[in-house]
Structure formats: structure tokens, C-alpha cells
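Report on the following structure.
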Amino acid sequence: MTHDQEEALSIADRVAVMHEGRVVQFDTPATIYHRPADAFVAQFIGASTRLDGQVANPHDGIVTILGVSMPATHAKGLGAQTPVMVFVRPESVRLNAANEPGLGLEGDVVEHTFFGATTRLSVVLREAVTLIADVQSTLAESFPVGSRVRAMWPADAPRVLRS
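Each residue of the sequence shown is one higher than the one before, starting from 1000 at the first, in this note's numbering.
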């Protein structure tokens, strides 16, 4: 038993996540990290950004977040207009300058936190929602504090859960 998440994920074959005295998920570390069973596990294990949205196209896995249609494979099978929570890990986020073409959520870089090989950027989106993105530190210079960016991710990256 440990309260150190990195230790649990790195040495265990199986991990149990408990909440309010009960096991909410028992699985491999990779499954718990990439496919959390519920919102508690998604927010408890590792860093992630929670974005509220709704399913726009359940057949193609499209969700609407802050008025923008975004890919989310794990939304497939949920009913159209279903309210969802979309959890995106910072390492899955890709940033481009806002003036470059493409699909994504626009926001302003408000903070850089240097971790050596990577730098964590905080990006404030519409409605004061903060998205976190981990980028290679050599690329972080392309997105200084105050710059306008467009954030996107691969379709299979976010975990989508019913609200």
C-alpha cells in the first residue's frame, strides 16, 4: 500500500484506487491511467484537464467543447447530446499558433513551468477554463506567455465519461 502515485504505477502489477472507503477501480497501472473508470480516478491519477461538453456525433466520436467540435473516439456509442466530461492528459495536447489552420480550442498561454525535458504550459480557454499541455522544453519557446494558441489532441487521447 502506498499513497505515492508514481511508486504505485511503476512497481505494481495491479493497482486499487479507493475513494471514501471503497475500491472504485482495480486494474493494471496502464489501464487505470489511460482508461479511468470514473471522474474521481481520472482526476486522482496523474494530471489531466477536465472539459465539459456534449456528444455531437456518436457515430464518429465527436464532442462539442466550448462550442468547438473535437474528436473523441471514446464518445462513440453514447447518445447524441449526452452531457460528458472529457479528460485530456497534458502529454496528449498539441499546440499550434492560433493563426494556423486547423481544428482546436483557442486560448492564451498564461504560465510556463519548466521540468527539464518538458515544460508545462497553462492555457486559458473560453469561459476561464484552464487546459494544461506538456511540450518539449525546446518547443515551449515557440509559445511564450501571452501568446494565442490552438490546442488539439489525437481522437483516441481523451477519456470521455457521462456527466
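Beta carbons are placed, not taken as given, at the ideal position from N, Cα and C, and that holds for glycine.
Assuming residue i is part of the alpha helix (DSSP H), what are its boundary residues?
i: residue 1018; result: Unbroken run through residue 1018 is the beta strand (DSSP E), 1014-1018; no alpha helix (DSSP H).
i: residue 1008; result: 1004-1010
Per the DSSP calculation, residue i is bridged to which residue(s)?
i: residue 1153; result: Residue 1153 pairs with nothing; no bridge assigned.
i: residue 1106; result: 1124 and 1148
i: residue 1079; result: Looking at the DSSP assignment, residue 1079 forms no beta bridge with any residue, so it has no partner.
i: residue 1132; result: 1120
If you follow the beta strand (DSSP E) that residue i is part of, which residue opens it and which one closes it?
i: residue 1136; result: Here residue 1136 belongs to no beta strand (DSSP E); instead the alpha helix (DSSP H) covers 1136-1139.
i: residue 1093; result: 1093-1096
i: residue 1161; result: 1158-1161
Let me check understanding here. Comparing Cα to Cα, which of the options lies closest to residue i?
i: residue 1147; options: 1126, 1097, 1103 and 1066; result: 1097
i: residue 1007; options: 1127, 1038 and 1043; result: 1043
i: residue 1068; options: 1056, 1077 and 1078; result: 1056
i: residue 1012; options: 1021, 1031, 1019 and 1002; result: 1031
Leaving out five residues on either side along the sequence, give the residues of the same chain with a beta carbon under 7 Å from the beta carbon of residue i.
i: residue 1036; result: 1023 and 1024
Please return the same chain residues whose Cβ sits closer than 8 Å to the Cβ of residue i, not counting the five positions on each side in sequence.
i: residue 1091; result: 1152, 1153, 1156 and 1157
Please go through the same chain and pick out, in chain order, the residues whose beta-carbon is closer than 6 Å to the beta-carbon of residue i, but skip the five residues on each side of it.
i: residue 1103; result: 1149, 1150 and 1151
(message) Which complete alpha helix (DSSP H) runs does the stretch 1021-1071 hold, if anything under 4 residues is left out?
(response) 1028-1033 and 1038-1043
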